[in-house]
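Chemist: Top to bottom, those sequences are chains H and G. For the first sequence, counting from 1, position 200 maps to 200 in my numbering; every step adds exactly one. Whatever position you read off the second sequence (first residue = 1), add 218 for my numbering. Positions of the beta carbon are idealized from the N, C-alpha and C atoms, including for glycine. One structure, as structure tokens, below. Some questions next.
Number of protein chains: 2
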Amino acid sequence: MLSFAEENYLKAIFHLSDSGATEVSTNAISDHMSTKPASVSDMIRKLDEKGMVTYKKYYGVNISKKGKMMALQVIRKHRLWEVFLVDKLKFNWDEVHEVAEQLEHIRSGLLIQRLDEFLDYPKVDPHGDPIPDENGDMAVAKKTPLDKVEVGVKGKIVAVNDEGSSFLQYLDKIGIYLGAKLEVTERVDFDGSMEILIDNKQKVFISREVSQNILITD
Amino acid sequence: MLSFAEENYLKAIFHLSDSGATEVSTNAISDHMSTKPASVSDMIRKLDEKGMVTYKKYYGVNISKKGKMMALQVIRKHRLWEVFLVDKLKFNWDEVHEVAEQLEHIRSGLLIQRLDEFLDYPKVDPHGDPIPDENGDMAVAKKTPLDKVEVGVKGKIVAVNDEGSSFLQYLDKIGIYLGAKLEVTERVDFDGSMEILIDNKQKVFISREVSQNILITD
DNA sequence: AAATATTTTTAGATAACTCTAAAATATTTT
DNA sequence: AAAATATTTTAGAGTTATCTAAAAATATTT
């Protein structure tokens with residue numbers, strides 16, 4: 001059985017391999033988790049011994065099939081709890097992350113099965129991210145980071161890279177929410193900032209840091 | 219902030235002081251928690267430093283006001299989650315404990331406030347135990363001598379009048395203990411004796427002398 | 001290719017929680 | 001009251017997860 005810490009490392013490695021190369025570096029993990037590289041080295045040696053990753057010194061880690069499945073189970077729990085918090089307990093979408101980080105480690109097969117049923121088998125969480133099923137399968141929607149699209153492109157916000165509640169609060173404040181329709185009306189090439197029109201009503205100006213973390217579909 | 223382990227010790231100490239003397243012994247705690255007495259000594263020294271208990275070496279611990287409040291908050295969470303599991307997720311009453319033991323440690327004021335609201339402010343958990351409010355207050359169930367109740371009444375043994383050890387030894391021998399669930403299955407009016415079912419398992423006959431000294435709550 | 005910089009690992013420490021074994025203290029029995 | 005027994009604490013050690021500082025390996029620059 002995996003400890004909370006091991007589950008968190010595995011989740012981080014999974015996310016990092018998902019959005020980049022298959023090899024994940026020690027520093028990338030330590031950045032993502034706010035731990036020191038030395039701690040990461042220790043942990044990935046242990047995860048390798050448990051067959052969750054394959055680790056070659058100085059070359060980084062690859063998540064194994066087994067490790068991926070474990071990570072997906074944790075992600076499944078995280079996202080189902082987020083749905084519960086928003087749909088049933090009326091949390092705002094920017095208030096759920098911290099609590100879901102705790103709830104995702106509760107161990108009970110029956111609990112998560114019944115929760116899924118209680119929530120009527122949701123397919124996406126409140127940020128628009130897909131919820132893996134018991135086998136780790138999930139609908140993969142093609143999501144484009146907003147900073148990659150041209151002027152004139154129209155789309156719908158389907159997800160945000162979860163950057164913590166201050167980011168989500170900022171989005172909320174400027175009128176950006178999940179499912180909002182948008183159009184890119186201006187783009188400043190040299191700094192990547194852009195102006196977007198939300199729901200054909202409201203224009204907002206956002207930096208590249210923000211647009212990189214907003215994902216749309218066309 | 220208290221660790222999970224500290225919360226669990228405090229809960230145990232609270233329960234033990236509730237159902238007995240104010241002084242709680244090291245061995246009683248280690249029994250209740252399935253840890254070794256040596257570990258208990260360590261932990262209660264720490265809880266004393268944090269002002270959660272007062273501890274005198276070789277004499278046992280007394281829970282402080284602060285410690286009692288902390289314990290009651292954990293108990294509140296535990297019992298609210300039990301209600302959630304039974305009422306919303308259709309768990310059986312005997313399946314909830316282990317999961318609630320995990321859920322009770324989730325830290326979020328908002329979560330527990332909203333959960334309480336979602337469950338419509340329940341006053342008791344699925345085992346009939348009262349749920350403390352945010353201030354630690356809970357309805358103290360009235361204690362009824364067993365000889366005063368009718369056939370069919372179900373309850374929980376919360377106390378005994380006669381503290382003599384031979385009486386307690388007798389109760390122990392016939393399978394009666396503090397916290398046992400019971401149901402009165404038969405009553406002989408002329409001599410006041412009765413048959414009771416303990417924990418839905420075991421039937422015992424007791425005289426009026428005995429039933430007068432057993433206190434239950436419904 | 002050598003020098004420099006960066007990344008990663010190792011070594012040694014610390015903190016929390018647990019254990020076993022031995023010592024100290026309290027209780028019970030004779 | 002002394003001896004025997006039981007309880008509790010202390011001492012020392014192991015595990016997990018973290019850290020800092022130093023060493024080793026890899027990557028980059030000149």
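1. Near residue 100 (chain H), what residues of its chain come up, given a Cβ to Cβ distance below 6 Å and the 5 sequence neighbours on each side ignored?
2. If we ignore side chains and look at the alpha-carbon of each, how far apart do residue 377 (chain G) and residue 7 (chain H) end up?
3. What is the residue span of the beta strand (DSSP E) that residue 378 (chain G) lies within?
4. Following the continuous beta strand (DSSP E) through residue 131 (chain H), name the residue where it begins and the one where it ends.
5. Identify the contact partners of residue 106 (chain H) in chain G, using a Cβ-Cβ distance below 9 Å as the criterion.
6. Between residue 232 (chain G) and chain H, is there a C-beta pair that is closer than 9 Å?
7. If residue 420 (chain G) and residue 107 (chain H) are in contact, beta carbons under 8 Å, what's the gap, nearest whole angstrom?
8. Starting from residue 114 (chain H), find everything on chain G with Cβ-Cβ shorter than 9 Å and list it in chain order.
9. So the candidates are H:217, H:87 and H:135; which of them puts its Cα closest to the Cα of residue 120 (chain H)?
10. State the beta-bridge partners of residue 366 (chain G) as determined by DSSP.
11. How far does the alpha helix (DSSP H) with residue 27 (chain H) in it extend, from its first residue to its last?
12. Leaving aside the five residues before and after residue 24 (chain H) along the sequence, list all residues of the same chain whose C-beta is less than 8 Å from its C-beta, in chain order.
13. Would you mind sorting residue 104 (chain H) into buried or exposed? The rule is 16 or more other CB atoms within 10 Å of its CB.
14. Work out the CA separation of residue 413 (chain G) and residue 394 (chain G) for me, nearest whole Å.
15. Can you tell which of G:336, G:267 and G:309 has its C-alpha closest to the C-alpha of residue 89 (chain H)?
16. Listed from N- to C-terminal order along the chain, which residues in the segment 68-83 of chain H have their beta-carbon within a distance smaller than 7 Å of any beta-carbon of chain G?
17. Do residue 424 (chain G) and residue 328 (chain G) come within 9 Å of each other at the CB atom, strictly closer than that value?
18. Can you give the Cα-Cα distance for residue 255 (chain G) and residue 92 (chain H), rounded to whole angstroms?
19. Report the start-end ranges of each alpha helix (DSSP H) in the segment 303-351 of chain G that is 4 residues or longer and not cut off at the edges.
20. On the criterion of 16 or more Cβ atoms from any shown chain inside 10 Å, does residue 29 (chain H) qualify as buried, or is it exposed?
21. To which residues of the same chain is residue 39 (chain H) closer than 8 Å at the C-beta, ignoring the five residues directly before and after it?
22. Ordered along the chain, which non-local residues of its own chain (more than five positions away) have a Cβ less than 6 Å from that of residue 362 (chain G)?
23. With 7 Å as the C-beta to C-beta threshold (strictly closer), list the residues of the segment 388-407 of chain G near chain H in chain order.
24. Residue 6 (chain H) versus chain G: which residues are under 8 Å apart at the beta carbon?
25. Indicate the three-state DSSP secondary structure (helix, strand or coil) for residue 400 (chain G) in the structure shown.
26. Inspect the beta-carbon positions of residue 436 (chain G) and residue 369 (chain G) and report whether they are closer than 9 Å.
27. Ignore the nearest five residues each way along the sequence and tell me which others in residue 9 (chain H)'s own chain have a CB closer than 6 Å to its CB.
28. Would residue 2 (chain H) and residue 50 (chain H) be called neighbours here (beta carbons separated by less than 9 Å)?
29. Anything in chain H within Cβ reach of residue 313 (chain G), meaning under 8 Å, just list it in chain order.
30. Residue 133 (chain H) to residue 52 (chain H), Cα distance in whole Å?
31. Would you say residue 212 (chain H) and residue 94 (chain H) are within 9 Å of each other, going by their C-beta atoms?
32. DSSP three-state call for residue 287 (chain G): helix, strand or coil?
33. Within 8 Å: the Cβ of residue 51 (chain H) and any heavy atom of the ligand SAM?
34. Name the chain G residues whose beta carbon is nearer than 8 Å to that of residue 118 (chain H)?
Modeler: According to the structure data:
1. Answer for residue 100 (chain H): 78, 81 and 82, listed in chain order.
2. Pairing residue 377 (chain G) with residue 7 (chain H), the inter-Cα distance amounts to about 44 Å.
3. Residue range 372-378 is occupied by the beta strand (DSSP E) that includes residue 378 (chain G).
4. Taken as a continuous stretch (DSSP letters only), residue 131 (chain H) belongs to no beta strand (DSSP E), as it is neither H nor E.
5. By Cβ distance, chain G contributes 317, 320, 321 and 324.
6. For residue 232 (chain G), the answer is no, since every Cβ of chain H falls outside 9 Å of its Cβ.
7. Rounded, the Cβ-Cβ distance is 32 Å, inconsistent with contact.
8. Chain-ordered, the chain G residues with CB closer than 9 Å to the CB of residue 114 (chain H) read 303, 306, 307, 308 and 309.
9. Looking from the CA of residue 120 (chain H), the closest CA among H:217, H:87 and H:135 belongs to H:87.
10. Looking at the DSSP assignment, residue 366 (chain G) forms no beta bridge with any residue, so it has no partner.
11. Run containing residue 27 (chain H): 26-33, per the alpha helix (DSSP H) assignment.
12. So the list reads 13, 16, 17, 60, 61, 62 and 63, once near-sequence residues are dropped.
13. With 16 or more other CB atoms across the displayed protein chains lying within 10 angstroms of its CB, residue 104 (chain H) is buried.
14. For residue 394 (chain G) and residue 413 (chain G), the gap between their C-alpha atoms comes out near 13 Å.
15. With distances taken between Cα atoms, residue 89 (chain H) lies closest to G:336.
16. So the list is empty, because no residue satisfies the distance condition.
17. No, the pair does not count as a contact, with Cβ atoms beyond the cut-off.
18. Between the alpha carbons of residue 255 (chain G) and residue 92 (chain H) lies a gap of roughly 46 Å.
19. Qualifying alpha helix (DSSP H) stretches, in chain order: 314-321 and 327-336.
20. It is buried - the Cβ of residue 29 (chain H) has at least 16 other Cβ atoms within 10 Å.
21. Contacts found: 30.
22. Only 434 meet the Cβ criterion.
23. Within the segment 388-407 of chain G, no residue places its CB atom closer than 7 Å to a CB of chain H.
24. Chain G residues near residue 6 (chain H): none, gap ~17 Å exceeds 8 Å.
25. Three-state result, residue 400 (chain G): strand.
26. No, the pair does not count as a contact, with Cβ atoms beyond the cut-off.
27. Around residue 9 (chain H): 43.
28. Closer than 9 Å, so yes.
29. For residue 313 (chain G), the neighbours in chain H by C-beta distance under 8 Å run, in chain order, 110.
30. Distance between the alpha carbons of residue 133 (chain H) and residue 52 (chain H): 20 Å.
31. Cβ atoms of residue 212 (chain H) and residue 94 (chain H): not closer than 9 Å.
32. Residue 287 (chain G) falls in the helix class under three-state DSSP.
33. The ligand SAM is not among the ligands present in this structure, which contains no ligands whatsoever.
34. Going along chain G in sequence order, the residues near residue 118 (chain H) (Cβ under 8 Å) are 306 and 307.
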